Every structure is written in structure tokens, then in C-alpha cells.
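Just so we're aligned, residue 24 is where the sequence shown starts under this note's numbering, counting upward by one. A virtual CB, placed ideally from N, CA and C, is assigned to each residue, including glycine. Quick caveat: nothing in here was measured; it's all calculated off a predicted structure. First the structure, in the form of C-alpha cells, and then the observations on it.
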Amino acid sequence: MTDFDFDNVVSFHIDSGAFRGKIIRLSKTADIILNKHKYPKPIAGALCESMALGVVLSSALKYDGLFTLQTKTNGPISSVVVDVTSQGKMRAFARYNEEQLTNAQTKRKTLGELEPAPHLFCGGYMAFTVDQGTDMNSYQGIVELEGNTLADCAHKYFRQSEQIETAIKIAIVPPEEGSDYGWRACAIMLQRMPENGGKVKTDKEELDHAWIDAVTLLGSMTDKEMVSQKLSPTDVIYRLYHSNELTITDTHRLEFGCRCSKEKVEETLKSFDRADLADMKKDDGNIGVTCQFCSTEYIFTEEELYKD
Ligand SMILES: [Zn+2]
Numbered sequence: 024m025t026d027f028d029f030d031n032v033v034s035f036h037i038d039s040g041a042f043r044g045k046i047i048r049l050s051k052t053a054d055i056i057l058n059k060h061k062y063p064k065p066i067a068g069a070l071c072e073s074m075a076l077g078v079v080l081s082s083a084l085k086y087d088g089l090f091t092l093q094t095k096t097n098g099p100i101s102s103v104v105v106d107v108t109s110q111g112k113m114r115a116f117a118r119y120n121e122e123q124l125t126n127a128q129t130k131r132k133t134l135g136e137l138e139p140a141p142h143l144f145c146g147g148y149m150a151f152t153v154d155q156g157t158d159m160n161s162y163q164g165i166v167e168l169e170g171n172t173l174a175d176c177a178h179k180y181f182r183q184s185e186q187i188e189t190a191i192k193i194a195i196v197p198p199e200e201g202s203d204y205g206w207r208a209c210a211i212m213l214q215r216m217p218e219n220g221g222k223v224k225t226d227k228e229e230l231d232h233a234w235i236d237a238v239t240l241l242g243s244m245t246d247k248e249m250v251s252q253k254l255s256p257t258d259v260i261y262r263l264y265h266s267n268e269l270t271i272t273d274t275h276r277l278e279f280g281c282r283c284s285k286e287k288v289e290e291t292l293k294s295f296d297r298a299d300l301a302d303m304k305k306d307d308g309n310i311g312v313t314c315q316f317c318s319t320e321y322i323f324t325e326e327e328l329y330k331d
């Protein structure tokens with residue numbers, strides 16, 4: 024296989040455009056992000072699932088700027104943030120409590136194992152925002168984190184807020200021993216377009232049946248197939264929908280990218296008062312700030328921050 028088979032978004036439609044879909048697959052990008060943080064495996068898995076959902080949701084929106092998926096909960100993972108720019112650069116982090124994670128997993132006899140993200144969120148909510156700069160409309164959606172998987176939570180969101188029939192399936196596979204691959208993830212999203220996507224045949228009953236068939240087919244796909252190194256994303260979609268007038272419409276790349284810089288951190292620190300900065304001093308007297316997305320540490324001397 025080639026690297027092109029992962030870390031990309033492929034757009035398609037079936038049934039003459041009545042149903043549109045996206046398949047996203049992550050490998051190297053997820054690995055780079057997760058390796059920057061060294062999370063315990065269950066946390067890395069939950070963040071990987073969040074990244075897959077974040078990317079597939081962002082890929083269905085037309086925006087020029089930044090998409091963010093964010094959760095706020097009281098469980099072992101108190102929050103995750105996944106950022107995806109319209110250029111396909113993504114970054115992510117999770118905040119978690121080690122003790123709560125151990126207690127929750129000990130109780131469930133799942134210590135150290137992967138669990139669907141909502142098990143580690145324990146309620147709370149998930150928000151999606153799009154920031155296109157000050158002059159443009161921003162988009163915000165919010166949904167309670169209910170359901171067994173993040174895909175279930177997203178289904179609830181689409182039912183309540185968007186009123187677009189949507190089916191999402193997510194697969195996450197952790198690094199396997201002896202394999203060249205690290206984390207792999209795949210998300211497939213199918214949406215029934217308003218006005219049937221301009222489909223000539225507008226027999227509602229016929230389309231209702233076609234939709235149910237397409238969703239059932241999606242449900243039949245195994246996690247193994249979705250993240251298979253032997254299949255390209257197009258192969259995966261072809262397996263599902265080769266007899267549904269499948270058309271591939273677009274492909275674009277995804278990669279890790281953090282937007283932090285020493286200048287940006289310096290600007291923020293300069294807005295703090297001296298007492299707050301004094302609290303941030305390290306043993307050597309310098310002030311250190313670590314980017315929560317990429318773990319890069321920026322060090323400043325007091326003189327640097329007070330020079331103006
Ligand atoms: Zn950073």
C-alpha cells in the first residue's frame with residue numbers, strides 16, 4: 024500500500040447524489056498527535072475516536088477557517104479538543120484524571136483496555152464550532168454526550184438540530200505488536216440530502232428504501248475492513264456501494280499541524296500581571312509554557328517579557 028491510503032478525506036455520492044458521504048482515515052496523523060502526549064491507552068483511544076468524528080464532521084461543512092470539536096464532562100476525561108483547519112491541518116488533546124480513570128476501569132474490569140469514548144466522558148456535552156474570522160458567520164452545535172459511542176452522540180445531534188438524516192460509523196484500532204502501523208481510525212458518514220440531492224426520481228418511498236439499504240450496508244462493514252492496510256478508502260467505499268451508482272467526487276489530505284508559536288505565547292504572557300507570572304516561574308527563575316496541543320515548551324526569561 025501507499026501512504027496515500029490513510030490521512031485523507033474522500034467525498035462520494037451514491038444513488039445519483041441523493042445520498043452523500045465522506046470516508047476519512049487516519050494513521051500517521053493520529054500517531055503523531057497521540058505520540059506527543061503519551062496518554063494511557065484508553066485515553067489515547069478515546070481521543071482517536073474523537074479525532075475521527077471531528078474530522079468527518081468538519082469534512083461535511085463548507086468553511087474557511089477552523090472547526091473545533093470540544094467536550095466538557097465530569098468523568099475521567101474532563102475534556103477533549105480536536106481542531107481541523109479548512110486546509111486539513113489537525114491537532115488535538117485530552118485532559119484526564121489518572122485516578123478517576125483507574126477507579127472507573129477497575130470497577131468495570133476494563134483496566135488498561137480501550138473503551139468507547141462516552142464511557143470515559145460519563146455525561147456532559149459535546150460542542151462543534153466553526154471560526155471563520157470576525158466578519159464571517161460562525162457555526163455552533165451542541166449535544167449531550169449520551170449513547171454508547173461518539174457516533175451515537177452525533178446521530179442524536181443530527182436528529183435534534185440539523186434534521187438531516189445521517190449515519191456515521193467509526194472504527195479505531197490501536198497499534199499492534201510487530202506491525203509497522205500505529206493507531207488507525209476510520210469514520211464513514213452518509214447523509215440524505217435535502218430535496219434528494221436533485222435526484223430525478225423523486226419517489227419518496229423508493230428513496231426511503233434506498234436510504235435504509237445504504238445505512239444497513241454501512242452497518243455491515245467491519246472495523247477491520249474500515250482500517251485495512253490492503254484497502255484504499257475508495258476500495259472500502261466500493262465494497263459498500265459499488266451497485267449504488269457510486270461516484271467519488273473529491274479527495275484531500277490530512278496532516279498534523281499546530282498553530283502555536285513563541286510570538287503568540289509571548290503576546291499572551293505579556294497580558295498577564297506580574298503576580299500571575301511570578302506564580303508560573305520554574306525553579307531556574309524562567310517562565311515556561313507548554314502548548315497543550317503539541318507539548319512544545321516555550322521558555323521566557325523575565326527580562327524578555329518586561330522588555331517593552
Ligand atoms: Zn502547539
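Worksheet item: Exposed or buried, Arg276, counting other C-beta atoms within 10 Å across all chains shown (16 or more means buried)?
Response: exposed
Worksheet item: What residue does the alpha helix (DSSP H) around Glu121 start on, and which one ends it?
Response: 121-131
Worksheet item: Grouping DSSP H, G and I as helix and E and B as strand, with all else coil, what is Gln214?
Response: strand
Worksheet item: Under the three-state reduction of DSSP, which class applies to Cys176: helix, strand or coil?
Response: helix
Worksheet item: Looking only at DSSP bridge pairs, what is Gly311 linked to?
Response: Ile322
Discussion item. DSSP three-state label for Asn31, please.
Written reply: strand
Worksheet item: Would you say Thr319 touches ligand 1, meaning its beta carbon is less than 7 Å from a heavy atom?
Response: yes
Worksheet item: Do the CB positions of Gln128 and Leu134 come within less than 8 Å of each other?
Response: yes
Practice prompt. Would you mind working out which of Met113, Gly146, Val105 sits nearest Asn97, comparing C-alpha positions?
Written response: Gly146
Item to complete: Check whether the Cβ atoms of Tyr86 and Ser101 lie closer than 8 Å to each other.
Response: no
Worksheet item: Closer than 7 Å: is that where the CB of Phe316 sits relative to any heavy atom of ligand 1?
Response: yes
Item to complete: Starting from the N-terminal side, write out each stretch of the alpha helix (DSSP H) that is 4 residues or longer and does not extend beyond the segment 220-301.
Response: 227-243, 246-249, 256-264, 285-293
Discussion item. Let's see if you can read the secondary structure: which residues bound the beta strand (DSSP E) around Ala8?
Written reply: This structure leaves residue 8 out entirely; the chain is present only between 24 and 331.
Worksheet item: Do you know whose CA, among Phe295, Phe323, Leu80, lies nearest Asp306's CA?
Response: Phe323
Fill in: Ile37 versus Glu228, Val153, Ile271, Ser255, residue with shortest Cα-Cα distance
Ile271
Practice prompt. State the start and end residues of the unbroken beta strand (DSSP E) segment that holds Gly164.
Written response: 162-167
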